[in-house]
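Peer 1: Below are the structure tokens for one structure; questions will follow.
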Amino acid sequence: MIHLFEGSLCFLKRSIVYELIIFAAIFKVLERKIIKTADGSSSLYLPQWDENYHSRHGAIQEAYHVFIRSGLDLFKKGSKLRILEMGFGTGLNCFISFLESQKRDLQIEYVGLEGYPLDVGLIEKLKYPEALKALDFAAFYNDMIASEWDTPVKISEGFELLKKEMMFEKFHGAQNFDLIYFDAFGARVQPELWTETIFSKMYASLRPGGILVTYSAKGSVRRALQAVGFEVERLPGPPGKREMLRGRKI
Ligand SMILES: C[S@@+](CC[C@H](N)C(=O)[O-])C[C@H]1O[C@@H](n2cnc3c(N)ncnc32)[C@H](O)[C@@H]1O
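Residue numbers (the numbering used here): 91 to 340.
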């Protein structure tokens, strides 16, 4: 009886692994189109999924609103902090965090998780340093997007980056992050990433008092965050969205 149970558990685990591998292979070959968003900044669009890497109402505006003003701004000038980004993508959030660290003397260790790294040539076409009027810092951005995966890199004196090529599902944190940028594709296309299973990993990876910010305001997402222990606030959303969510580890 026990053998039968173990056998079916093993089969189930294997079929989940196969499903993940097939999904990863399909996702890698999906077409990515460059689009212009409403604030003039570019982003990427997945036509087969009808899904965007950033808000169509403004990629840069969204990044500042959700991740910087509702997240990074909670940390005082001169702070030392560790940021975890779920979905490194184009590196836009990482670059903006770097620019802010320069203005406010922050010391940041930034870990960006990504299951499907983008082609560097494609990212360059988005011209984020130009769109952010930060051409003087373009070399730092180039270092970020071209840096090797799974190798920590010192981008500047106060900014260290580790890009981890890894599926969210495989991540296990250990109470050493202060801030999480949760930036997966929407729950419509990736419902499995907006679940208690993933959020409990996020909770475990934060220090007590740590913060998670996300552009999503869905009721099911808020409930899943609360169920794993987060204290959740609904905040005004970026242009085009009424609300967004911020969770605090208590
Ligand atoms: C909304 S985009 C993030 C945009 C990114 N933060 C930026 O500034 O460009 C979601 C990202 O999550 C990645 N992703 C989606 N599913 C994933 C998974 N299961 N594991 C790891 N990465 C995943 C995608 O490849 C994509 O880069």
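Glycine is no exception: its CB is placed at the ideal position from the N, C-alpha and C atoms.
The model shown is predicted, which means the values in this text are computed figures rather than measured ones.
1. Provide the residue span of the alpha helix (DSSP H) that contains K291, from first to last.
2. Between L341 and F261, is the Cβ-Cβ spacing less than 8 Å?
3. Can you list, in chain order, the residues of its chain with a C-beta nearer than 6 Å to that of R324? Leave out the 5 residues immediately preceding and following it.
4. Would G299 and R338 qualify as a contact pair, given that the criterion is a beta-carbon distance under 8 Å?
5. Quick check on L179: does DSSP put it in helix, strand or coil?
6. Starting from the C-beta of T285, find all residues in its chain whose C-beta is less than 7 Å away, skip the five residues before and the five after it, and write them out in chain order.
7. Does ligand 1 have even one heavy atom less than 7 Å from the beta-carbon of L251?
8. When the distance is taken between beta carbons, is T127 closer than 8 Å to A153?
9. Which of the three DSSP states is assigned to N142 in this structure?
10. For a test of the three-state rule: what should DSSP assign to E238, helix, strand or coil?
11. Using DSSP's beta-bridge definition, name the partner residues of F249.
12. Less than 8 Å separating the beta-carbons of Y271 and F185?
13. Of the choices Y200, Y143 and H147, whose alpha-carbon is the least far from that of V279?
14. Using three-state DSSP, classify K193 as helix, strand or coil.
15. When DSSP labels each residue in this structure, what does S187 get in the three-state scheme?
16. Assign R336 to one of three DSSP states: helix, strand, or coil.
17. Could you tell me if the beta carbon of Q138 falls within a distance shorter than 7 Å of some heavy atom in ligand 1?
18. How would you call P281, buried or exposed, if buried means at least 16 neighbouring beta carbons within 10 angstroms?
19. Is Y231 a contact residue of ligand 1, with contact defined as CB to any heavy atom under 7 Å?
20. Is L269 near ligand 1 - that is, is its Cβ less than 7 Å away from at least one heavy atom of it?
21. Do I198 and F249 have their C-beta atoms within less than 8 Å of each other?
22. Suppose you measure from the CA of G205 to the CA of D240; what does that come to, to the nearest Å?
23. Can you check which of these residues, K170, E220 and E259, is closest to M176 by C-alpha distance?
24. Mark S306 as exposed unless 16 or more other C-beta atoms lie within 10 angstroms of its C-beta, in which case mark it buried.
Peer 2: According to the structure data:
1. As a first step, residue 291 is located in the sequence shown; it is residue number 201 there, counting from the start. Taken as a continuous stretch (DSSP letters only), the alpha helix (DSSP H) holding K291 covers E286 to S295.
2. The structure shown does not extend to residue 341, since the chain is modelled only from 91 to 340, so the question has no answer here.
3. Locating residue 324 in the sequence shown gives position 234, counting from the first residue. Same-chain partners within the cutoff: E333.
4. Translated into positions along the sequence shown, residue 299 becomes position 209. Translated into positions along the sequence shown, residue 338 becomes position 248. Yes; because the gap between Cβ atoms is below 8 Å, this pair is in contact.
5. To locate residue 179, count along the sequence shown from 1; it is residue 89. Here the sequence assigns Gly to residue 179, which means Leu is not the residue at that position. Coil.
6. As a working note, residue 285 is residue 195 in the sequence shown. The answer, listed in chain order, is A314.
7. Counting from 1 along the sequence shown, the entry for residue 251 is found at position 161. Flag unset: Cβ of L251 not near ligand 1.
8. Numbered from its first residue, the sequence shown carries residue 153 at position 63. Numbered from its first residue, the sequence shown carries residue 127 at position 37. No, these two residues do not count as a Cβ contact at 8 Å.
9. As a first step, residue 142 is located in the sequence shown; it is residue number 52 there, counting from the start. Looking at N142 - three-state DSSP - the assignment turns out to be strand.
10. Your numbering for residue 238 matches position 148 in the sequence shown. Three-state DSSP puts E238 in coil, outside helix and strand.
11. Stepping through the sequence shown from its first residue, residue 249 is reached at position 159. Answer by DSSP bridge pairing, in chain order: I198 and S246.
12. Translated into positions along the sequence shown, residue 271 becomes position 181. Translated into positions along the sequence shown, residue 185 becomes position 95. Cβ atoms of Y271 and F185: not closer than 8 Å.
13. Position 189 of the sequence shown, counted from the start, is the residue given in the question as residue 279. Looking at the Cα atoms, Y143 is the closest of the given residues.
14. Along the sequence shown, one-based indexing puts residue 193 at 103. K193 falls in the helix class under three-state DSSP.
15. In the sequence shown, residue 187 corresponds to position 97, counting from 1. Here S187 sits in helix by DSSP.
16. Numbered from 1 along the sequence shown, position 246 holds the residue referred to as residue 336. Strand at R336.
17. The residue you call residue 138 lines up with position 48 of the sequence shown. No, ligand 1 has no heavy atom inside 7 Å of this Cβ.
18. By one-based count along the sequence shown, residue 281 stands at place 191. Exposed, by the Cβ-count rule.
19. Counting from one through the sequence shown, the residue named residue 231 turns up at place 141. Every heavy atom of ligand 1 is 7 Å or more from the Cβ of Y231, so no.
20. Locating residue 269 in the sequence shown gives position 179, where the first residue counts as 1. The answer is no for L269.
21. Within the sequence shown, residue 198 is the residue found at index 108, counting from 1. Within the sequence shown, residue 249 is the residue found at index 159, counting from 1. Yes. Within cutoff.
22. The residue you call residue 205 lines up with position 115 of the sequence shown. The residue you call residue 240 lines up with position 150 of the sequence shown. Rounded to whole angstroms, G205 to D240 spans 12 Å at the Cα level.
23. Taking the first residue of the sequence shown as 1, we reach residue 176 at position 86. Selected option, being the one with the closest Cα: E259.
24. Taking the sequence shown and counting its residues from 1, one reaches residue 306 at position 216. It is buried - the Cβ of S306 has at least 16 other Cβ atoms within 10 Å.
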